[in-house]
Amino acid sequence: AQELPRDQYRQPTKCIYLWYFDEKKVQAQVLAQSYQGIARCLQRMDVEQTRFQQVLDKRARLRADSGDDEQKTFMVGKAGLLEEAGAPLSGVEKLQLGQWREVQEKLLAQVGRLDELVALMRDFDADDVSMIC
Numbered sequence: 002a003q004e005l006p007r008d009q010y011r012q013p014t015k016c017i018y019l020w021y022f023d024e025k026k027v028q029a030q031v032l033a034q035s036y037q038g039i040a041r042c043l044q045r046m047d048v049e050q051t052r053f054q055q056v057l058d059k060r061a062r063l064r065a066d067s068g069d070d071e072q073k074t075f076m077v078g079k080a081g082l083l084e085e086a087g088a089p090l091s092g093v094e095k096l097q098l099g100q101w102r103e104v105q106e107k108l109l110a111q112v113g114r115l116d117e118l119v120a121l122m123r124d125f126d127a128d129d130v131s132m133i134c
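The sequence shown begins at 2 in the numbering used here and counts up by one.
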């Protein structure tokens, strides 16, 4: 940034400020930070999954034992918790499963937003031909 004073007293209200930035460098930095953010969200999802692994394993065993490979429908039960019809999960386990879904949903939403930013940045880059077939 460069400050150009209009008078000898250099008052901020009477100065003109000029600045320059390298557009390609800034765009590359934004893309790199977006990719890094996506990677960190996915890493965080793996860490959060290990926190809830016992409940997720139990749910997987219950689905395998029932022979139902299809996605089950969920209903909103008391206190806004998602409940499977007829699932032998305790109240605490249902709460943990709801917490896992909430965390997963938030992280996937953030990945989606960052992905949209990456797509936008790549669309406006005239030199990027990676999307052209």
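Think of the CB as a built atom: it goes at the ideal place given N, C-alpha and C, for glycine as much as any other residue.
A residue is called buried when at least 16 other Cβ atoms come within 10 angstroms of its Cβ; Gly92 does not meet this threshold and is exposed. When DSSP states are grouped into helix, strand and coil, Gln55 belongs to the helix group. Judged by beta-carbon spacing, Leu108 lies within the 8 angstroms limit of Arg45, meaning their Cβ atoms are closer than that value. In the structure shown, Gln30 adopts helical secondary structure according to DSSP, grouped into three states.
According to DSSP, residue pairing for Glu4 in a beta bridge involves Tyr18. One Cα belongs to Tyr21, the other to Arg41, and the distance between them is close to 31 angstroms. Leaving aside the five residues that flank Gln111 on each side, the residues in its chain whose CB is nearer than 8 angstroms to its CB run, in chain order, Gly38 and Cys42. Take the alpha-carbon of Arg114 and the one of Ala33: they are about 15 angstroms apart.
Counting other Cβ atoms within 10 Å of its Cβ, Arg60 reaches 16 or more and is therefore classed as buried. The beta carbon of Val31 lies closer than 8 angstroms to those of Leu118 and Met122 in the same chain, with the five residues before and after it left out.
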